[in-house]
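For reference, the structure discussed in these notes is given below.
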Amino acid sequence: MLNEKIKTLSLFSGAGGLDIGFHDAGFEIVACVELESAYCKTLLANRSNNVVYKNGADIHCIDIREFDPTPYQNMGIECIIGGPPCQTFSAAGRRSGGVLGTEDQRGRLFESYCRILESLKPRVFVFENVYGLPGANNGGPWREICASFSKLGYQLEAQIVDSADYGVPQHRERLIIVGVKKGESLFTFPLPTHGPDSDSGNKLVTVFDAIKDLQNADEQEHELGGLYGHLLPMVPEGLNYSFFTREMGYPKPYFAWRSKFSDFLYKADRNAPCRTLKAQPGKFTGPFHWKNRHFTINELKRLQTFPDNYLIEGTFGKAMEQIGNSVPQG
129 MLNEKIKTLS LFSGAGGLDI GFHDAGFEIV ACVELESAYC KTLLANRSNN
179 VVYKNGADIH CIDIREFDPT PYQNMGIECI IGGPPCQTFS AAGRRSGGVL
229 GTEDQRGRLF ESYCRILESL KPRVFVFENV YGLPGANNGG PWREICASFS
279 KLGYQLEAQI VDSADYGVPQ HRERLIIVGV KKGESLFTFP LPTHGPDSDS
329 GNKLVTVFDA IKDLQNADEQ EHELGGLYGH LLPMVPEGLN YSFFTREMGY
379 PKPYFAWRSK FSDFLYKADR NAPCRTLKAQ PGKFTGPFHW KNRHFTINEL
429 KRLQTFPDNY LIEGTFGKAM EQIGNSVPQG
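Each residue of the sequence shown is one higher than the one before, starting from 129 at the first, in this note's numbering.
And the structure:
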C-alpha cells in the first residue's frame, strides 16, 4: 500500500475492474470516463456505497472524444489508466471478418488517450488491451500506437500477462503497456505469484477455491436448456463440444471438429482456473458450472475477482457483459 495516494484518472472505465485494482494498491481514482450508460450506472452505484470511488469522484458518462481534460490540469493527476475498446484487434474480431485495427474508428480511440496524456502529462500511464494487438495487421497499428506514446515523452514496457499467474481463478491473457516519463525509473513487471512459473510455491487458484463458499438458492433459474442443453451433463469437466466429435472417439458424433469454437459447451474444471469469461457469449458459450448450469452473477464476480460488495447494475445479460469486459484485479 502506498503511503500517499496517487491521483489517477480512469479512461474507458467500463464497470471499474481496473480501477478496483489501482484503488486496492493505494491509488485514488479522482474521475472516470465511460461512454456506456449501463456501465456508468455501475460506477455511480459504487461511488454511492464508497467501495472504490470515494471523496466524490467524477463519473463522466461521455464519448472520450468529447472529454475535456483541462479542469484536471491543476489537480496533480500523476497516473492515467485504461484500455480502449479492443474488438478491432481481438481474436473474436479476426473470426468475424478480419482485423481492421486502426482503420476502424474504434481502433483510433488511442488518439484520445494520447490527447489526454498530452494535456495532463502524468508521470505514468497504464494501457490495457487484447493480447493480439502487437500482431494485428502485421504489427502496423502496434508500431503506430507505441510511436505515439514515445513521441509524448514516455518510455514503454509491455508484456502479455495471464491473470491466472497472479492469483485469478481464470486464464485471461491481456496486453499491458506501462509508460513512464523519460528520466524516471523504468517499470519492471512483477514475476508471477502463482503456478509453475512462480517461485512462491503458490498453486494456481481454482474455480472451486473461488466460489466454494457461495450458496445459490436460484440454481434452477440458471439451467442451460435449449437445443444443446441436454448435452452439457455428458461433457466432462474441462472439455467442450469436442467430446461429441469423431476425433475424440464419440461413437455417433454430434459435431464436426472446429478449432475456433473452444468455448462451445465448455464446462469449467473445478480444480483449475477457468477459460476467459466472455462479455457477450452465445447461449451455448461457456464456461458453464460443473453442475450443468450458467454461473450466477455472484460466482462470475468471484471469477473476475470483483469484491462481493461491489455492485454490478443491470439485467443478467448486461451484468455478464460488464464482468466479461472487465480487468481482473488479482
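Glycine included, C-beta positions come from ideal geometry on N, C-alpha and C. Predicted, not measured: the structure shown is a model, and the values here were computed from it.
- Secondary structure of T321 (DSSP, three-state): coil.
- As DSSP reads the structure, H188 sits in a beta bridge with V161.
- G210 carries a strand assignment under DSSP once its states are collapsed to helix, strand and coil.
- A distance below 7 Å separates the beta carbons of P381 and F372.
- For L146 against G204, the beta-carbon gap comes to about 20 Å, at or over 8 Å, which does not count as contact.
- Per DSSP, the continuous beta strand (DSSP E) segment holding R302 begins and ends at 301-309.
- Under DSSP, V289 forms a beta bridge with R302.
- Per DSSP, F253 is one residue of the beta strand (DSSP E) stretching across 252-258.
- Residues P297 of the same chain have their beta carbon placed closer than 7 Å to that of D337, with the five preceding and five following residues left out of the count.
- Inter-residue distance for G263 and R271 is about 10 Å (C-alpha atoms, whole angstroms).
- The segment 437-448 and the segment 273-293 do not touch, with fewer than 3 CB-CB distances between them shorter than 8 Å.
- Boundaries of the alpha helix (DSSP H) harbouring I451: 444-452, taken from the DSSP string.
- If you look at I134, you'll find it in the beta strand (DSSP E) that goes 134-139.
- For Y241, the enclosing alpha helix (DSSP H) has its first and last residue at 238-248.
- About 11 Å separates the beta carbons of L367 and L360, which is beyond the 8 Å limit, so they are not a contact pair.
- With fewer than 16 other CB atoms across the displayed protein chains lying within 10 angstroms of its CB, Q343 is exposed.
- Its chain contains E365, K395, A396, R398 as the residues whose beta carbon lies nearer than 7 Å to that of W418, once the 5 sequence neighbours on both sides are disregarded; these appear in chain order.
- A407 is positioned such that its CB atom lies no closer than 7 Å to that of E441.
- Residues S138, S141, L171, I187 of the same chain have their beta carbon placed closer than 6 Å to that of C160, with the five preceding and five following residues left out of the count.
- Under the 10 Å beta carbon count, K182 is surrounded by fewer than 16 other beta carbons and is classified as exposed.
- C402: not part of any alpha helix (DSSP H); DSSP gives it neither H nor E.
- By the 16-neighbour rule on beta-carbons within 10 angstroms, T316 is exposed.
- When the five nearest sequence neighbours on each side are left out, the beta carbons in the same chain lying within less than 8 Å of the beta carbon of L314 are those of Q283, E285, V308, in order along the chain.
- When C-alpha distances from N437 are compared across P324, N174, C207, the shortest belongs to N174.
- The residue among G311, T424, N420, M362 with its C-alpha nearest the C-alpha of S278 is G311.
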